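So the sequence shown is numbered by this note's numbering: it starts at 6 and just counts up by one.
The structure appears below as structure tokens.
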Amino acid sequence: DYFQNTVPISVARIMTTTDGAAPVGEEREFTDWVQTGSTGTITPVWTVAPAAGDTYVIFKEYSWAETVQAINSAIDIVASRALIEKIDETITVRDATYEYPVPTGFTHIYRISMANGSGVYQETIPGNQYKIIRGMGIPRIHFYRFPARQAYQDHYYSALWADSDLVEGRYLRIEGLGRQPRLVEDGDICRINPIFISYVAGALLHAPRIRRAGEDPDEHRTQYGVNWSIAEDIGGKAPQYKNLMPNLLSIPDIKVVET
């Protein structure tokens with residue numbers, strides 16, 4: 006009688022299926038649980054019955070949506086400081102084209118290389134042959150070739166000035182840093198220290214359930230403090246990318262308004 010006697014009611018959520026039939030993501034409440042044999046009853050029944058090998062998770066107090074939101078909020082808290090390595094190899098050089106949009110997700114760029122005829126990235130483009138153009142909505146990489154001391158901040162250089170040794174049809178490899186994106190799919194990966202993220206998420210889950218100070222004891226208040234304390238010990242207040250390259254070019258933030 007463990008799962009049906011909890012408040013709020015325990016919920017089972019199907020996580021994986023072996024045959025593609027079970028409705029992954031579907032949730033049902035437990036109405037009965039027999040400890041002997043670990044047999045549970047859910048209401049209403051699944052739209053398609055799970056098969057042998059399918060997996061599910063049981064939420065006792067915090068819902069799936071709350072848990073995911075807490076994890077993503079924990080990522081958001083340190084995303085601008087706990088930068089992750091990013092590489093993009095989707096841009097191809099086009100004839101007489103000297104500006105290319107910065108691939109999404111980059112906050113900094115520290116190296117651009119061009120592939121040779123065999124697809125090997127052996128040619129690194131010198132840092133004084135390109136710059137980041139800002140103030141155009143989507144930031145762009147502008148290639149040029151003349152002494153860096155002659156380049157003026159935010160000045161547009163036309164194709165007549167652009168003389169980089171770019172070869173049409175070759176791929177560019179862009180290396181830099183970016184923020185950890187939010188987790189959406191089950192297969193998404195968090196590259197920030199997962200222990201740090203889990204303790205921050207734990208604190209955020211307990212926070213809304215803290216009662217007023219006059220009510221004692223308050224287990225949620227205690228667990229909130231414990232989780233934050235452990236997270237700070239692990240992350241040194243917050244994880245941070247400490248070894249930033251001296252040749253980093255920063256990318257301005259693009260604000261996206263959801264409607």
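For each residue, glycine too, the CB sits at the ideal point set by N, CA and C.
As the structure is a computational prediction, the values presented were derived from the model and not from experiment.
Buried or exposed for residue i, going by 16 or more other Cβ atoms inside 10 Å?
| i | result |
| --- | --- |
| I19 | buried |
| V62 | exposed |
| M119 | buried |
| T112 | buried |
| A27 | buried |
| G140 | exposed |
| G240 | buried |
| P55 | buried |
| P131 | exposed |
| P49 | exposed |
| G25 | exposed |
| G192 | exposed |
Please go through the same chain and pick out, in chain order, the residues whose beta-carbon is closer than 6 Å to the beta-carbon of residue i, but skip the five residues on each side of it.
| i | result |
| --- | --- |
| T44 | none |
| W166 | Since pLDDT at W166 reaches only 46, below the 50 mark, its modelled position is unreliable, and no value is offered. |
| R33 | A17, I47 |
| W2 | The shown model of the chain, from 6 to 264, leaves out residue 2, and the question about it has no answer. |
| V53 | A26, A27, P28 |
Pull up the distance between the alpha-carbon of residue i and that of residue j, whole angstroms please.
| i | j | result |
| --- | --- | --- |
| P213 | E190 | 25 Å |
| V231 | E66 | 19 Å |
| R293 | Q228 | Residue 293 lies beyond the stretch modelled for the chain, which goes from 6 to 264, so this question has no answer here. |
| R178 | T129 | 9 Å |
| Q127 | I92 | 15 Å |
| I3 | S255 | Outside the shown range of the chain (6 to 264) lies residue 3, about which nothing can therefore be said. |
| G110 | T23 | 34 Å |
| W51 | I194 | 29 Å |
| F64 | Q40 | 17 Å |
| N133 | F201 | 38 Å |
| I114 | G58 | 45 Å |
| G122 | I96 | 15 Å |
| E263 | G42 | With a pLDDT of only 40 at E263, under 50, the local geometry of the prediction cannot be trusted, and no value is derived from it. |
| L210 | T36 | 25 Å |
| T72 | R175 | 44 Å |
| Y135 | E224 | 56 Å |
Among the options, which has the Cα closest to the Cα of residue i?
| i | options | result |
| --- | --- | --- |
| G181 | V172, Q228, L253 | L253 |
| R196 | R175, I256, A79 | A79 |
| L171 | V29, D81, D100, G58 | D100 |
| W38 | P131, G132, I14, S234 | I14 |
| V125 | G132, E94, H225 | E94 |
| I235 | I256, P199, S255 | P199 |
| E173 | T72, V98, K136 | V98 |
Between residue i and the rest of its own chain, which residues show a CB-CB distance below 7 Å, the 5 nearest in sequence each way excluded?
| i | result |
| --- | --- |
| I82 | V205 |
| T60 | M20, T21 |
| W233 | A208 |
| R226 | I215 |
Leaving out five residues on either side along the sequence, give the residues of the same chain with a beta carbon under 8 Å from the beta carbon of residue i.
| i | result |
| --- | --- |
| I117 | T129, I130, Y135, I146, L177, R178, I179, E180 |
| E31 | R18, I19, W51, T52 |
> How about the stretch 100-116 and the stretch 131-148: do they share at least three Cβ pairs that are nearer than 8 Å?
Replying inline: Yes, the stretch 100-116 is in contact with the stretch 131-148.
> Would you call the stretch 177-197 and the stretch 80-93 touching, i.e. three or more CB-CB distances under 8 Å?
Replying inline: yes
>> I want to know whether the stretch 63-77 touches the stretch 203-211 - three or more CB-CB distances under 8 Å.
In response: Put simply, the stretch 63-77 touches the stretch 203-211. At least three CB pairs are less than 8 Å apart.
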